[in-house]
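First to last, the protein sequences are chains A and B.
In terms of the working numbering, the first sequence opens at residue 1 and continues consecutively.
In terms of the working numbering, the second sequence opens at residue 1001 and continues consecutively.
Every residue, glycine too, gets a C-beta built ideally from N, C-alpha and C.
The structure appears right after this line, and notes come after that.
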Amino acid sequence: MNTYFLIIMSAILVDNFVLSKFLGICPFLGVSKKLETAAGMGGAVIFVMTLASLATAVLYQFVLVPLGMEYLQTLGFILVIAALVQFVEIVLKKMVPPLYQALGIYLPLITTNCAVLGAALLAVSNEYDVLKSTVYGFAAGVGFTLALVLFSGVREKIEMADVPDALKGIPAALIAAALVSMSFFGFQGLFA
Amino acid sequence: MNDLLASMVFPVAVFGGMSLVFGVLLAYAAKVFEVKTDPKITEVRAALPGTNCGACGFAGCDGMAVSIASGRSKPDACPVGGEATAKAVAEVMGVVMTNTVSYVARVACGGLTSCTTQKYAYEGMKSCTAAAALHNGPKSCPFGCLGFGDCVSACPFGAITIIDGVAKIVEANCKSCERCVAACPKKLISMVPRGKNYLVNCRSTQKGPVVKKNCDVGCIGCGKCVKVCPATAITLANNLAKIDPLLCTNCGECIKVCPTNAIVDVTAPVVLWKRATTV
């Protein structure tokens, strides 16, 4: 139990995917303008990351390792994640239209997201088993959502502020991102 | 040599097989879980501009297409595509389009910072809505444009600029999406048919002397324009002249008699001047 707690807390706070590992920066800057869209994207990422971590862990443990093809993990993971997300989209559209509407355009966007692939690869390098990988993927998704939602709140405030012309838009957002990231570095050593 | 060949062929075979299985699965899933969509949606979507600008109020052209195809929106609901798009969409929907009038947004305020005074020094959020909540904003005229640019940030097409504290529409860029109309806390922006050049550049319903004190170019409700207009397009209500754009013939007689320059030719550049009297 303790191990799972550690995995979850460290994936959310200490090794936050966006703010400490700098994975998934494009959606972090792209869809963080509004709290609403940030939450939608976060939900989709949690959903896909959990599923993808499960699928890639199964692929790694039961296909790649027995065949001695661990060196092809990146390729295999991309293949599985892309196919999985496509499949989930098709199924959701038919079976759960409301959820499909809610996840909307975000679902295909995440297909090739580096944070999703990163969660799968890091789970392997941490030598997690299938269950641990899934939990790790879920926690990483929660961490991503936390970062995205926090940052969108900051950006909504920046919109109202009097920013110098040269820094308007992305530059101001990047500075804010750096500050938020630095604040998360305060969690380093939380479990040391 | 054989080892090398095997170490290459084997992974290729495994991955090729995996891809094939996934491909077949996806194709099968697409068939099994197929959702029937109205073919009209696809056709309408093809007729729309496809810029996904969001000016219609939907997230993108797809949303607009669904709404039009289901009859919730009119065929000319896309403000960007103009007449050509409206016609193409109407054809898909099987309705005849009567000629549509193109509208353009106009800001009815000429109270430049140089023509007005400040009631107080405002140092709050750079937002008209926020400033308007504090005694109608810092500008001396309670009806005046505050110039913080809520409309500028609302405009998806960059068609609005702020010149000396008053918003000005660049009509060539205006796509009549009406976002600015909703964004203005002073309700100064309205939609008028394109090609009418003359505008009463004021919304103040205060009495003449008060207007005069607040602003150099406000409408004082003298009624000279009403008398001179050959098309009787101008009416006076609540100390404010109003031009009916449907009756206006663009003759420009009103602009000549207006004593305060409150009626302007919108095609002419904005004149910057110093306030004559200090209050």
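Under a three-way DSSP split, which group does residue i fall into?
i	result
residue 8/A	helix
residue 1215/B	strand
residue 1190/B	strand
residue 1168/B	strand
residue 1103/B	strand
residue 1256/B	helix
residue 145/A	helix
residue 93/A	helix
residue 1207/B	coil
residue 168/A	coil
residue 1161/B	strand
residue 132/A	helix
residue 1277/B	Bear in mind that a pLDDT of 47 at residue 1277/B, under 50, signals an unreliable position, so the number given afterwards is only what the model happens to contain. Residue state, collapsed to three classes: coil.
residue 1074/B	coil
residue 19/A	coil
Please tell me whether residue i and residue j are closer than 8 Å, where the distance is taken between their beta carbons.
i	j	result
residue 1137/B	residue 1166/B	no
residue 1121/B	residue 1189/B	no
residue 1029/B	residue 91/A	yes
residue 1248/B	residue 1198/B	yes
residue 50/A	residue 81/A	no
residue 1254/B	residue 1229/B	yes
residue 1078/B	residue 1056/B	yes
residue 1245/B	residue 1192/B	yes
residue 1143/B	residue 1087/B	no
residue 1107/B	residue 1075/B	no
residue 1114/B	residue 1038/B	no
residue 83/A	residue 1033/B	no
residue 1102/B	residue 1119/B	no
residue 1020/B	residue 87/A	no
residue 124/A	residue 188/A	no
residue 57/A	residue 3/A	no
How is the alpha helix (DSSP H) around residue i delimited, first residue to last?
i	result
residue 1003/B	1002-1032
residue 1220/B	Residue 1220/B -> no alpha helix (DSSP H), and no H or E assigned at all.
residue 1051/B	Per DSSP, residue 1051/B belongs to no alpha helix (DSSP H) and is neither H nor E.
residue 111/A	From DSSP, residue 111/A is part of no alpha helix (DSSP H); its letter is neither H nor E.
residue 1085/B	1082-1093
residue 1067/B	1061-1069
residue 1123/B	Counting along the chain, residue 1123/B falls outside any alpha helix (DSSP H), and DSSP gives it neither H nor E.
residue 70/A	Element bounds for residue 70/A: n/a, residue is neither H nor E.
residue 1096/B	Per DSSP, residue 1096/B belongs to no alpha helix (DSSP H) and is neither H nor E.
Counting only beta-carbon separations shorter than 8 Å, does residue i have a partner in chain B?
i	result
residue 94/A	yes
residue 41/A	no
residue 90/A	yes
residue 107/A	no
residue 138/A	no
residue 182/A	no
residue 162/A	yes
residue 54/A	no
residue 87/A	yes
residue 102/A	no
residue 75/A	yes
residue 117/A	no
residue 72/A	yes
What first and last residue would you give for the beta strand (DSSP E) that runs through residue i?
i	result
residue 1198/B	1198-1200
residue 1237/B	1234-1237
residue 1264/B	1263-1265
residue 1241/B	1240-1243
residue 1116/B	Careful: residue 1116/B lies outside any beta strand (DSSP E) and carries neither H nor E.
By alpha-carbon positions, which one of the options ends up nearest to residue i?
i	options	result
residue 115/A	135/A, 186/A, 144/A	144/A
residue 1239/B	1040/B, 1250/B, 1226/B	1226/B
residue 158/A	1053/B, 1125/B, 1081/B	1125/B
residue 15/A	153/A, 141/A, 95/A	141/A
residue 149/A	77/A, 95/A, 18/A, 11/A	18/A
residue 1040/B	1072/B, 1103/B, 1117/B, 1092/B	1092/B
residue 1221/B	1206/B, 1233/B, 1215/B, 1048/B	1206/B
Between residue i and chain A, is any beta-carbon pair separated by less than 8 Å?
i	result
residue 1024/B	no
residue 1181/B	no
residue 1040/B	no
residue 1185/B	no
residue 1213/B	no
residue 1154/B	no
residue 1209/B	no
residue 1009/B	no
residue 1064/B	no
residue 1127/B	yes
residue 1014/B	yes
residue 1191/B	no
residue 1143/B	no
residue 1033/B	yes
residue 1030/B	yes
Should residue i be flagged as near chain C, meaning a C-beta pair shorter than 8 Å?
i	result
residue 1018/B	Here chain C cannot be found, since the structure's protein chains are A and B.
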